[in-house]
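Position one of the sequence shown corresponds to residue 1 (the UniProt record's numbering), numbered consecutively onward.
Input: a single structure, listed below in structure tokens.
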Amino acid sequence: MTKDVDPAEGVALKPEEKSKDVTPAEDESMEPRWKVGDRVFAVWAGNSCFYVSTVAEVDAKNRKLVVTWDDADMSHRTVSFDQVKEPADDTIAWSYSRIDKRVTVRDSTAKGRCLFTNEACEPGKVVFVEKPLLVALPALAPKLWEKLQQLHEAQPLNLGTITFHFAAMITLTQLDAASVGVIMDKYVPDPDEEPNEDVTRILSSMKDSPEEVLKCKVEDLCPKKLQRLVSAWRYNSFGHHKEDGLVLYNRISMCSHSCDPTCCWSYGEEDAFVLRARVALSDSDELTISYLQDEDLLKSTAVRQLKLQNWKFTCSCPRCDLKID
Ligand SMILES: [Zn+2]
């Protein structure tokens, strides 16, 4: 289970929050500020998130632009002027050294490692912007994706999807040792978990596959390490906002859940995670997000607690501690 699989429905993307970032509508008498070739950040109507694009046509009369999306998606290319803004500093990933000046990972007795701010932050302001450790999409290894799909169709995997196993295998076969180590270090409920039925079945089926499917020898994959990575992806990743795949962030994965979170989020350029303060933050405050979708946050404590069992923890946030919710 990933956090907030469809971010369009997540806490981060309430229209009123997003509208603050949009360039104010220009005066009708003014020349349009956009011209063909400009690099802009525009709203893709598929999920109402901002994406990077280049202006392909300007329709000043109707106050609309046709844009070419950086990821070559051909849908929803016409956007109105008020859905466009210049790519800004608050949408581009920060360096880790800049992020680490802003936030600290600290152990808390009740919840393990959590993330805290080192400075005060006003509501709506960016806390930091982080680039993904890995975006595990089918295009990274189409033959492996296809092979896992076939296995899943023949007999469904227990997790109900191939994305976690795919991401874990991509981690082992395509990342350097240091990056694998970072992902191995992510929270899992049982760090000593033995390879389960799915992992064993996948690895044994790979023995007959040509090497090009895995891009390495199956004997080189340690089953226990693979199991740990499957769990690391399961408990720390986010569903990709456009494609069937997963995204994992290093610092953000330390953000714990609250049903009344201190932060909200949206996507920036190239799958960057833009974390913003939802409330006024003081120095040393914990940074929390909601792992649940907006509609689930509106439900009772009992329902929220049940949904949160997907992440194998019992929420003890201030809302869950209230006698009546
Ligand atoms: Zn809660």
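Just so it is clear, CB atoms sit at the ideal spot from N, CA and C, and this is done for glycine as well.
- Cβ contact annotation for Phe81 (same chain, cutoff 6 Å, sequence separation greater than five): Arg63, in chain order.
- C-alpha of Pro142 to C-alpha of Phe41: approximately 29 Å in a straight line.
- Taking the C-beta atoms as reference points, Val55 is found nearer than 7 Å to Asp38.
- Cys315 has its Cβ nearer than 6 Å to a heavy atom of ligand 1.
- Distance between Ala168 and Asp59, taken at the CA atoms: about 46 Å.
- In the three-state scheme derived from DSSP, where H, G and I count as helix and E and B as strand, Thr200 is classed as helix.
- Only buried fits Asp271, as 16 or more other CB atoms lie within 10 angstroms of its CB.
- Using a cutoff of 6 Å, the CB of Arg319 counts as near ligand 1, since one of the ligand's heavy atoms is closer than that.
- Per DSSP, the unbroken alpha helix (DSSP H) holding Thr173 starts and ends at Thr163 to Gln174.
- With 16 or more other CB atoms across the displayed protein chains lying within 10 angstroms of its CB, Ile170 is buried.
- Burial is judged here by how many other beta carbons sit within 10 angstroms of a residue's own beta carbon; Cys315 has at least 16 and is buried.
- Excluding five sequence positions before and after Gly268, the CB atoms of its chain that fall closer than 8 Å to its own CB belong to Phe50, Asp90, Thr91, Ile92, Ala93, Val129 and Val274, given in chain order.
- Fully enclosed alpha helix (DSSP H) runs of no fewer than 4 residues occupy 96 to 102 and 142 to 154 of the stretch 84 to 155, in order along the chain.
- Less than 7 Å divides the Cβ of Lys307 from the Cβ of Leu292.
- Looking at the DSSP output, His257 shares a beta bridge with Ile289.
- Excluding its 5 nearest sequence neighbours in each direction, Leu281 has C-beta neighbours in its own chain below 7 Å: Thr117, Ala120, Cys121 and Thr262, listed in chain order.
- Between ligand 1 and Cys264, a heavy atom-to-CB distance of less than 6 Å is absent.
- Under the DSSP definition of a beta bridge, Thr314 lacks any partner.
- Check the Cα spacing between Asp208 and each of Gln305, Thr104 and Leu144: the tightest is with Leu144.
- In the structure shown, the three-state DSSP call for Lys64 is strand.
- Note that the C-beta distance between Met254 and Val105 is below 7 Å.
- A buried status is given to Val127, since no fewer than 16 other beta-carbon atoms sit within 10 Å of its beta-carbon.
- At least one heavy atom of ligand 1 lies less than 6 Å from the C-beta of Cys259.
- Under DSSP, Trp44 takes part in a beta bridge, and its partners are Cys49.
- DSSP places Thr262 outside both helix and strand once states are collapsed to three, so it counts as coil.
- Cys264 sits buried, since 16 or more C-beta atoms from the chains shown fall within 10 Å of its C-beta.
- With contacts defined by Cβ atoms closer than 7 Å, Lys215 and Thr173 form a contacting pair.
- Distance between Asn250 and Glu211, taken at the CA atoms: about 30 Å.
- For Leu221, the CB contacts under 7 Å within the same chain, skipping 5 residues up- and downstream, are Leu172 and Leu203 in chain order.
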